[in-house]
Structure formats: structure tokens, C-alpha cells
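Undergrad:
Residue numbers (this note's numbering): 695 to 1098.
(1) I believe residue 755 touches residue 781 by the beta-carbon criterion, under 8 Å. Please report the beta-carbon distance rounded to the nearest angstrom.
(2) In three-state DSSP terms, what is residue 919?
(3) Quick one: using the 10 Å Cβ neighbour count with 16 as the cut-off for buried, is residue 698 buried or exposed?
(4) Do you know how far the Cα of residue 834 is from the Cα of residue 828?
(5) With the cut-off set at 8 Å, would you say residue 837 and residue 983 are in Cβ contact?
(6) Is it buried or exposed, residue 949, if we count other Cβ atoms within 10 angstroms and call 16 or more buried?
(7) Just how far apart, CA to CA, sit residue 1100 and residue 1043?
(8) Count the other C-beta atoms from every protein chain shown that fall within 10 angstroms of the C-beta of residue 867, then say buried if there are 16 or more, exposed otherwise.
(9) Terminal residues of the continuous alpha helix (DSSP H) containing residue 1031?
(10) Count the other CB atoms, across all protein chains shown, that sit within 10 Å of the CB of residue 825; report buried if there are 16 or more and exposed otherwise.
(11) Compute the Euclidean distance between the alpha carbons of residue 789 and residue 914, then round it to the nearest angstrom.
(12) Classify residue 771: buried if its beta carbon has 16 or more other beta carbons within 10 angstroms, exposed otherwise.
(13) With distances taken from CA atoms, which of 734, 974 and 927 is nearest residue 1026?
(14) Once you ignore the five residues that flank residue 740 on each side, which residues in its own chain have a CB closer than 6 Å to its CB?
(15) Going by beta-carbon coordinates alone, are residue 1018 and residue 936 separated by less than 8 Å?
(16) Give me the Cα-Cα distance between residue 1084 and residue 1055, rounded to the nearest whole angstrom.
(17) Is residue 736 helix, strand or coil when you go by DSSP?
(18) With DSSP as the reference, label residue 826 as helix, strand or coil.
(19) Buried or exposed for residue 883, going by 16 or more other Cβ atoms inside 10 Å?
(20) Pick helix, strand or coil for residue 741, following the three-state DSSP scheme.
(21) With a threshold of 16 other CB atoms inside 10 Å of the CB of residue 695, please say whether the residue is buried or exposed.
(22) By how many angstroms is the C-alpha of residue 713 removed from the C-alpha of residue 705?
(23) Residue 953 and residue 1071 - do their beta-carbons sit closer together than 8 Å?
(24) Nearest to residue 1076 by CA position, among 1092, 1058 and 775, is which residue?
(25) With 16 as the cutoff for other CB atoms within 10 Å, does residue 924 come out buried or exposed?
(26) Less than 8 Å between the beta carbons of residue 962 and residue 994, yes or no?
(27) Nearest-angstrom Cα distance between residue 879 and residue 1031?
(28) Tell whether a beta-carbon distance below 8 Å holds between residue 875 and residue 783.
(29) So residue 776 is in the alpha helix (DSSP H); what residue range does that whole segment cover?
(30) I want to know whether the stretch 748-766 touches the stretch 1046-1054 - three or more CB-CB distances under 8 Å.
(31) Label residue 701 either buried or exposed according to how many other C-beta atoms from any shown protein chain fall within 10 Å of its C-beta, with 16 as the threshold for buried.
(32) Does the distance from the CB of residue 1099 to the CB of residue 992 come in under 8 Å?
(33) What's the call for residue 1099, buried or exposed, on a 16-neighbour Cβ count within 10 Å?
(34) Spatial neighbours of residue 776 within its chain, please: CB distance less than 8 Å, with the 5 preceding and 5 following residues excluded, ordered by chain position.
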């Protein structure tokens, strides 16, 4: 299916203004996780909640990310990319202010859900804008550039969150997130032209949208790549959910040590994504996916086997996570480009379904880890193995190769 966007662009410079803004919009959702992780113990103390209940603020956020994307995708295909994005950022801004003022853990859990409903607009629509402007291989390179720019967030965000908690309180974290959303709203006016005008000759029909989602679910090409990327990225968010307890409580890291470890692992992901952009000059999307999904399966499988047999040393735990994130740096941008390659006319809807699959799996994984927490690395290792080996199987037996 041909891309019907009216504003295809020539190959963009790597750090074009619109790419920087799309990276910020994409990072907004994950940033809201990474930055407040060091503040979880302070939240538990300040709102008089136990660790399991505080983790529900993560689970509710993942649920919001999964459900919200289903809505923004078709709306952006019909009304244009910018109007739904403006609404989403507005919701995020107000919910972030509410989180900063929350006086109970129940209120914070609910507001985190609303915050995610707003923040996920940037994640969906950023992918769709790239698909509007770029052919598949160029899109994969741009997605790698997005990883580089937005990757600064998981490196700096935990450190910033740890510092904020130390000098102020966890509430200040959400105030800073609200300010960031406001800056994104201002930047949109100057840096992001509409890449898909509204459909003036058609009315928006919910029935047509549901039928389009069903058709995508039946499309083996889309589902193969989407499941590959969805499972692989779900492993990343399972690690984000489970790592504070495993690293700080099981292995005894301080909040600062955890933040430094978290940041170094994120740096590995960023570096790999940049090698991916270079590799695409000489290798196809599918050649890279074949190797990266194999590494996902091996790294997570070794960690699971070791955790089943013994208590793995910290260096082995971190080493396997490093390898997983390195492989993800190659797998994530290429699986996204592969999934959206044949769906230019429905880029928003396809991006939404792919994102919903990612965070739907991540939500289930996060809830299971919260229930299963047993004072060991086994819950995290098992979840990573399910995602990594699942991504390998989905690509090997599900994806219809692009042949590029």
C-alpha cells in the first residue's frame, strides 16, 4: 500500500529539528518511568504504602500506555497528526501536576494512568510521522537516530530523579515532567509541520476503525514484525519495572549506584542503535533482525538458566542485561520499520497497534513480577527470557521478509 502522505521529505539530516522534537515526544512516556524510579522508596514512605502497592503506579502507567495508543493512532490518521498530539500533551501536563499534588497512593495510581493516556500520544504519532516522511530503510535509520536522542533520557533521568529526591521531594519530579511537556507543546508550533492533513471528505467511524484493526491483526507481515518488536521492547520495560527491587533490595545497590548502573545499561542500548544506523547502509533490515533476535534469545536464556540453578553473581546479571539491550538496539528500530513498511496510509493505526502490543505484554509482565517477587532474580530472568525467546520465535516463524 502506498504512503498517502502529502508531504514526503528528502532524507533528513540526522539531527533535524523535527527529529529532535519527535525524540523528545517519544521519550516523554518512558521518561515518566525512568525519572521517578529512584523516588519509589520515598513515595512509599511519604504516602504510607508498601512496596507492592507502590509498584502499582508502574503497572497503571503501563496500562495507560497500552490503552491510550489504540485511540491516538486512528485519530491521527483521520484528523492529522498534530491535533491529537496537542490534546495528549495537554492531558499529560494536567495529570503530571495532579501527581505532584497527590495525597494518597490510590490517587497517584489513578493519576499515573491518566498521565500515561496523555503521554502515549507522542510515542504513537512520532512513529507515524517518520513513516509519513521516509521509506522503510530510511525510516529504520531515523528510528535509530530517535533512540540516540531520546536515549539520553534513561541515562540522565534516574540521576536527575535521585538528585531531585535528595534536595527536594518526589513531588518535584512530577513538576519537572509537567514543565517538560509544556516545552514540547511550545516546540511543536515551530518545529513540527503537519505531515498528514485531516480527511475533509470522510467522517470518523468507530466501526471502520475496528475493522481496520481486525485486518491488521490478520496481516501476517505486520503481526510478525510487530510481535517481534513488541516482545523485544516489552523485555526492556519488564527490566525497568523489576530492576529497582532486584538491584537495590536483592543485590543491595544504593539509589545512586542503581542510577549509574541503569544509565550505563541505557548507554549500551543507545550505542547499539547507532551501529544499527551504520549497518543499514550495507545490510538489510531482515539480515540485522536475524542476528539481533538470536542474541536476545541467548542473553535472556543464559540468565534464566543461571537463575534457575543458583543465585547469579551481579556481574552475570548485568552482563546478560547488557547483551539484551545491545541486541534490542538493533531489533527495535528494524522491527518497527518492517511492521510499518506496507501501511503508509494507516501509519497511525499500525503504530498504535504495535505500541499497544508492546505495553500490553509489558503490563502483564510487570504485574506478574510484582506478584511473584520472591527476593531473587528469577522473576526478572523469567520475564526477560519469555520476551527474548518469544521475539526470536516470532521473527523466525511469523515475519514475512521484506526482501530488501
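Heads up, the beta-carbon is just placed ideally off N, CA and C, and yes, glycines get one too. Here the structure is a predicted model, which means the values were calculated and not measured.
TA: Put simply:
(1) Within the chain shown, the letter at position 61 stands for residue 755. Within the chain shown, the letter at position 87 stands for residue 781. Not quite, the Cβ-Cβ distance comes to about 19 Å (not below 8 Å), so this is no contact.
(2) Stepping through the chain shown from its first residue, residue 919 is reached at position 225. Of the three classes helix, strand and coil, the one that applies to residue 919 here is helix, per DSSP.
(3) Taking the first residue of the chain shown as position 1, residue 698 is located at position 4. Reliability of the predicted coordinates at residue 698 is poor, the pLDDT of 41 falling under 50, and the value obtained from them is presented with this limitation in mind. Under this definition residue 698 is an exposed residue.
(4) For this step, residue 828 is matched to residue 134 along the chain shown. For this step, residue 834 is matched to residue 140 along the chain shown. Their Cα atoms are separated by approximately 9 Å.
(5) By 1-based counting over the chain shown, the position of residue 837 is 143. By 1-based counting over the chain shown, the position of residue 983 is 289. Not in contact: residue 837 and residue 983 (Cβ atoms no closer than 8 Å).
(6) Counted from its first residue, the chain shown places residue 949 at position 255. Buried, by the Cβ-count rule.
(7) Because the chain is modelled from 695 through 1098, residue 1100 falls outside the range shown and cannot be assessed.
(8) Counted from its first residue, the chain shown places residue 867 at position 173. By the neighbour-count rule (16 or more Cβ atoms within 10 Å), residue 867 is buried.
(9) Mapped onto the chain shown, residue 1031 falls at position 337. 1008-1034 is the span of the alpha helix (DSSP H), which, as asked, contains residue 1031.
(10) Locating residue 825 in the chain shown gives position 131, counting from the first residue. Burial call: buried.
(11) Within the chain shown, the letter at position 95 stands for residue 789. Within the chain shown, the letter at position 220 stands for residue 914. Approximately 38 Å between the Cα atoms of the pair.
(12) The residue labelled residue 771 in the question sits at position 77 within the chain shown. Looking at its Cβ environment, which holds 16 or more other Cβ atoms inside 10 Å, residue 771 is buried.
(13) Numbered from 1 along the chain shown, position 332 holds the residue referred to as residue 1026. Selected option, being the one with the closest Cα: 927.
(14) What you label residue 740 is simply residue 46 of the chain shown in a count that begins at 1. Cβ neighbours of residue 740 beyond the five flanking positions: none.
(15) For this step, residue 1018 is matched to residue 324 along the chain shown. For this step, residue 936 is matched to residue 242 along the chain shown. No, Cβ-Cβ distance for residue 1018 and residue 936 is not below 8 Å.
(16) Along the chain shown, read from residue 1 onward, the residue named residue 1084 stands at position 390. Along the chain shown, read from residue 1 onward, the residue named residue 1055 stands at position 361. So the alpha carbons of these two residues sit roughly 11 Å apart.
(17) Counting from one through the chain shown, the residue named residue 736 turns up at place 42. Helix at residue 736.
(18) Start at 1 with the first residue of the chain shown, and residue 826 comes out as number 132. Of the three classes helix, strand and coil, the one that applies to residue 826 here is helix, per DSSP.
(19) Sequence index remark: in the chain shown, residue 883 carries index 189 (1-based). When all chains shown are included, residue 883 counts as exposed.
(20) The count along the chain shown starts at 1 and reaches residue 741 at position 47. It is coil, neither helix nor strand.
(21) Counted from its first residue, the chain shown places residue 695 at position 1. Confidence is the limiting factor: at residue 695 the pLDDT is only 40, short of 50, which leaves the residue's position unreliable, though a coordinate-based value still follows. Residue 695 comes out exposed.
(22) Along the chain shown, read from residue 1 onward, the residue named residue 705 stands at position 11. Along the chain shown, read from residue 1 onward, the residue named residue 713 stands at position 19. Below a pLDDT of 50, predicted positions are generally treated as unreliable, and residue 705, at 49, falls in that range; no measurement from the model is reported.
(23) For the purposes of this step, residue 1071 is identified with residue 377 of the chain shown, where counting begins at 1. For the purposes of this step, residue 953 is identified with residue 259 of the chain shown, where counting begins at 1. Not closer than 8 Å, so no.
(24) Here the question's residue 1076 lines up with position 382 in the chain shown. If we check each option's Cα against that of residue 1076, 1058 comes out closest.
(25) Residue 924 sits at position 230 when you count from the first residue of the chain shown. The residue is buried, with at least 16 neighbouring Cβ atoms inside 10 Å.
(26) Sequence index remark: in the chain shown, residue 962 carries index 268 (1-based). Sequence index remark: in the chain shown, residue 994 carries index 300 (1-based). Taking 8 Å as the Cβ cut-off, residue 962 and residue 994 do not qualify as a contacting pair.
(27) Within the chain shown, residue 879 is the residue found at index 185, counting from 1. Within the chain shown, residue 1031 is the residue found at index 337, counting from 1. Approximately 27 Å between the Cα atoms of the pair.
(28) Reading the chain shown from its first residue, position 181 is the one you call residue 875. Reading the chain shown from its first residue, position 89 is the one you call residue 783. Going by C-beta atoms, residue 875 is nearer than 8 Å to residue 783.
(29) The sequence position of residue 776 within the chain shown is 82, counting from 1. Segment 776-795, the alpha helix (DSSP H) holding residue 776.
(30) A contact exists between the stretch 748-766 and the stretch 1046-1054.
(31) Walking along the chain shown from the start, residue 701 turns up at place 7. Since pLDDT at residue 701 reaches only 44, below the 50 mark, its modelled position is unreliable, and no value is offered.
(32) Residue 1099 lies beyond the range of the chain shown here (695 to 1098); nothing can be said about it.
(33) For the chain, the structure presents residues 695 to 1098; residue 1099 sits outside this window and is missing.
(34) Residue numbering aside, residue 776 sits at position 82 when the chain shown is read from its first letter. Closer than 8 Å at Cβ, skipping near neighbours: 882, 886 and 888.
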